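In the numbering used here, the protein residues as written are 1193 to 1451. In this text, a Cβ means the ideal position worked out from N, Cα and C, and glycines have one as well. A quick note: this is a predicted structure, and the numbers were derived from the prediction, not measured. The structure under discussion appears below in the form of structure tokens.
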Amino acid sequence: MTIVLIIESNTPELLAGGKSASAFFLRSLHGLDASLTLKVVCPYAAPPPADIYDGVDGIIYTGSGVNWATDAPEAAPLRAEMERSFEQNLPVWGSCNGLQLAAVVLGGTVAASPNGFEIGPARDIRLSKEGAAHPMMTGRESGFSAPCVHRDEVRTLPDGATLIAGNSHSPVQAMTYGKGGVDFWGTQYHPEMRMADIAASTGGRGLFSGGTDLTADLSSADTDDAAARRLGTSTEQLALETRATELSNWLAHVKARRA
1193 MTIVLIIESN TPELLAGGKS ASAFFLRSLH GLDASLTLKV VCPYAAPPPA DIYDGVDGII
1253 YTGSGVNWAT DAPEAAPLRA EMERSFEQNL PVWGSCNGLQ LAAVVLGGTV AASPNGFEIG
1313 PARDIRLSKE GAAHPMMTGR ESGFSAPCVH RDEVRTLPDG ATLIAGNSHS PVQAMTYGKG
1373 GVDFWGTQYH PEMRMADIAA STGGRGLFSG GTDLTADLSS ADTDDAAARR LGTSTEQLAL
1433 ETRATELSNW LAHVKARRA
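Written out as structure tokens, the structure is:
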């Protein structure tokens, strides 16, 4: 039995409003492997107990809808928990805010992207030479798209980190770090989210280039070929088994390390 601990990175206030980032992982991970045991804790609500990592095989840091960056004072509870996670000598995954959090904790920097928000599909994601050979990207080819919604990005990689993928909007779309007992894989995009989830997370605010509101296409793109094409992606790329390629590979990594 594989046990994965999910670190919910939204605040109690956001959770009370129905904004659960861990819910996307619960659905997608069980869609990939129904036998997984999944646990969720929220450091913004209270410090997790000392024994929270007992028996855990892998750790996931979700995205987040908070207004502050991962280097802000408000993010101190998450940074402290990630430092503790890295001490466990376990595989750690981070999506979006989770990637940015790892970058800060490991010595890199984050900031708002000069290109503004990236919402919908992150398009034309290109693998680095190292990324093309990394097990995180097994089954991926350069030029893929993936669901995303973010303002901030990793601006400076931590020393010792490996750039895995990037695109013209955000040069760091995926990175890994494997030094000093830390085993981190992460993406700026959201392999755990459907495009419909991206639409819901924007709240219909129309945060799209040129002022165009593409919420209707986002809401239907997972199953509507025409809508997906208008967004620059395809229903094939948005299907769980393709969209969550990196998560599938990470789970395989978790199980291999446990064996």
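Do you know whose CA, among the options, lies nearest residue i's CA?
| i | options | result |
| --- | --- | --- |
| S1411 | T1348, G1312, W1442 | G1312 |
| A1264 | V1284, E1438, L1293, G1286 | L1293 |
| M1387 | P1239, T1425, P1363, S1362 | T1425 |
| R1271 | P1363, T1415, A1304, P1235 | P1235 |
| L1224 | T1427, E1384, A1419 | E1384 |
| S1220 | E1266, A1436, L1443 | A1436 |
| T1254 | A1226, A1267, T1229, A1215 | A1215 |
| A1295 | G1308, F1278, P1306, E1310 | F1278 |
| R1369 | G1352, P1240, A1238 | It should be pointed out that residue 1369 corresponds to Tyr in this sequence rather than to Arg. The option with the nearest alpha carbon to Y1369 is G1352. |
| W1442 | Q1365, L1406, T1427, G1378 | G1378 |
| L1218 | E1205, E1275, V1233 | V1233 |
| R1276 | Q1380, E1310, P1240 | P1240 |
| K1447 | D1243, A1208, S1227 | S1227 |
| A1261 | L1282, D1243, L1291 | L1291 |
| S1287 | I1199, L1432, G1300, A1238 | I1199 |
| R1315 | P1339, G1210, A1208 | P1339 |
| G1299 | K1371, S1440, I1317 | K1371 |
| S1440 | H1222, G1210, D1243 | H1222 |
| T1394 | E1205, L1432, K1211 | K1211 |
What residues in its chain sit with their C-beta under 8 Å from that of residue i, if we drop five residues either side in the sequence?
| i | result |
| --- | --- |
| Q1280 | Y1245, V1248, I1251 |
| R1450 | T1194, D1249 |
| L1319 | M1329, R1332, E1333, S1334, I1356, A1357 |
| S1305 | H1342, R1343, D1344, E1345, H1361, S1362 |
| E1438 | M1328, M1329, R1332, A1366, W1377, T1379, P1383 |
| A1418 | none |
Assuming residue i and residue j are in contact, meaning their beta carbons sit under 8 Å apart, how far apart are those beta carbons, in whole angstroms?
| i | j | result |
| --- | --- | --- |
| V1302 | R1347 | 6 Å |
| D1409 | R1422 | 5 Å |
| L1230 | V1196 | 5 Å |
| D1416 | L1282 | 39 Å between Cβ atoms; not a contact. |
Got a sec? Which residues, its chain only, sit under 7 Å from residue i by beta carbon, not counting five neighbours each side?
| i | result |
| --- | --- |
| T1203 | Y1236, V1258 |
| S1256 | S1201, N1202, A1213, N1289 |
| V1364 | E1345, V1346, L1349, L1355, G1358, Q1380 |
| A1420 | A1413, S1426, T1427, L1430 |
| E1433 | none |
| N1307 | H1361 |
Quick one: is the Cβ of residue i within less than 7 Å of any heavy atom of the ligand FAD?
| i | result |
| --- | --- |
| V1248 | Looking at this structure, you won't find the ligand FAD or any other ligand, since it has none at all. |
For residue i, which beta-bridge partners are listed by DSSP?
| i | result |
| --- | --- |
| L1197 | K1231, I1251 |
| H1342 | E1310 |
| F1336 | I1317 |
So, for residue i: in the same chain, excluding its five sequence neighbours on each side, which residues have a beta-carbon less than 6 Å away from its beta-carbon?
| i | result |
| --- | --- |
| Q1429 | S1337 |
| E1322 | T1354 |
| A1268 | none |
| A1391 | T1407, L1410, S1411 |
| M1274 | L1293, V1297 |
| A1324 | none |
| L1206 | G1257 |
Nearest chain C C-beta to residue i closer than 8 Å, yes or no?
| i | result |
| --- | --- |
| D1344 | Chain labels in this structure do not include chain C; a single protein chain is all it has. |
Which residue spans inside the segment 1236–1324 form an unbroken beta strand (DSSP E) run of at least 3? 1250–1253, 1283–1287, 1301–1304, 1310–1319
Minimum length 4: unbroken alpha helix (DSSP H) runs contained in the segment 1345–1398: 1387–1394
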